[in-house]
Structure formats: structure tokens, C-alpha cells
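One structure below.
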Amino acid sequence: MKLLLVLTFCACLTPSMGQIKMIADHYGKVPTNPDPCLLTCVGSTGYGATHWTEKVDEVGGQGRVNTVVDISRCEFVTTPIVTTSLNGDLYYDLMIGMSSPHGMTKDKFEITVIGKAWTTWSNKDWQYRVYADDAMWNQWNINWVAVGFTC
């Protein structure tokens, strides 16, 4: 009897487990794709394996690094919603830009880290510019979650 009760309880829960619903897409619009096509895809650029390049701004300013994250294996048909975080050994917790994906398409997005965030305990005269060697030395990588449609 107990087994029957447990199986009935599990059967009632199964339809609601693991479901996800998108109420607004990357463009803020109500999606028209069917719900069975919605996919959550996750990944990482790899601890100590992320390829970082130095990025120079429009006026020649240095001190920013960039990485392109390939999400093509998720097989999205439209641009997904992406959430990111920066992981590593040092200074990952103070960086600006780590959770701001840009240049997004159905196959990729970019992250540009622009330097240290000022905090109440920061030395006002200290500037921290980020270079590709720093990002690689500190083993920075991008962890990401993307939600989008596959049909």
C-alpha cells in the first residue's frame, strides 16, 4: 500500500518537475514558439582554459579584456536569454562587466571585463586595469546559463 501511495504521489509531481516557461524573449516580446521547444543550456568556458583578448576602446584606452562564448551546440533558433558569472582564483569578485553579455546571437555572446569596481575600502589612487595575461593567470572563466528556443 505504501508503495502505491508513493508511486501515485510521484506521478502527480512528474508533470510539474523540470518545466520552464518563457514569458518574454530576448527582445522583451511574448514568444510565439511552442513550449516544448524551450531549452535550458548551460556551460563554462573552462577554468584556466578561457581565451581572453585585450580590447582597446574607441579612444585607444586599454585595460579591458574580452572573450567570445560559443553556444552553438545549444542549437537555438533565436537569440536566447543569457545569465553569466565570472569565476577564477583572484579578483573575479570585483570586476565590472562580468555579468553583462553583449553581441548576442543564437550561436554566441561576448563578455568584456573593464576593470575593478570601486568599493568603500578601495584606495582612491589605485587603478586596476585588466590585461589578457591577468585574466589567464587568475584562471578566469565564464559560467553561463542560456534559455531559448530550438524550434
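Just so we're aligned, residue 175 is where the sequence shown starts under this note's numbering, counting upward by one.
Beta carbons are placed, not taken as given, at the ideal position from N, Cα and C, and that holds for glycine.
Are there 16 or more other CB atoms within 10 angstroms of the CB of residue i, so buried, or fewer, so exposed?
i, result
"residue 202", "exposed"
"residue 251", "exposed"
"residue 282", "exposed"
CB-CB under 8 angstroms to residue i, same chain, minus the five flanking residues each way: which ones, in chain order?
i, result
"residue 209", "195"
"residue 189", "Confidence at residue 189 is low in this model, with a pLDDT of 48, below 50, so the placement of that residue is unreliable and no value is reported for it."
Helix, strand or coil, according to DSSP, for residue i in the structure here?
i, result
"residue 303", "coil"
"residue 274", "coil"
"residue 320", "strand"
"residue 215", "strand"
Which partner residues does residue i have in the DSSP bridge list?
i, result
"residue 259", "317"
"residue 244", "282"
Tell me which residues share the same chain as residue i and place their Cβ nearer than 6 angstroms to its Cβ, disregarding the 5 neighbours each side in the sequence.
i, result
"residue 274", "none"
"residue 213", "324"
"residue 200", "253, 255"
Span of the beta strand (DSSP E) holding residue i?
i, result
"residue 253", "That residue, residue 253, is in no beta strand (DSSP E); it is neither H nor E in DSSP."
"residue 224", "Note, residue 224: premise wrong, no beta strand (DSSP E); not H, not E."
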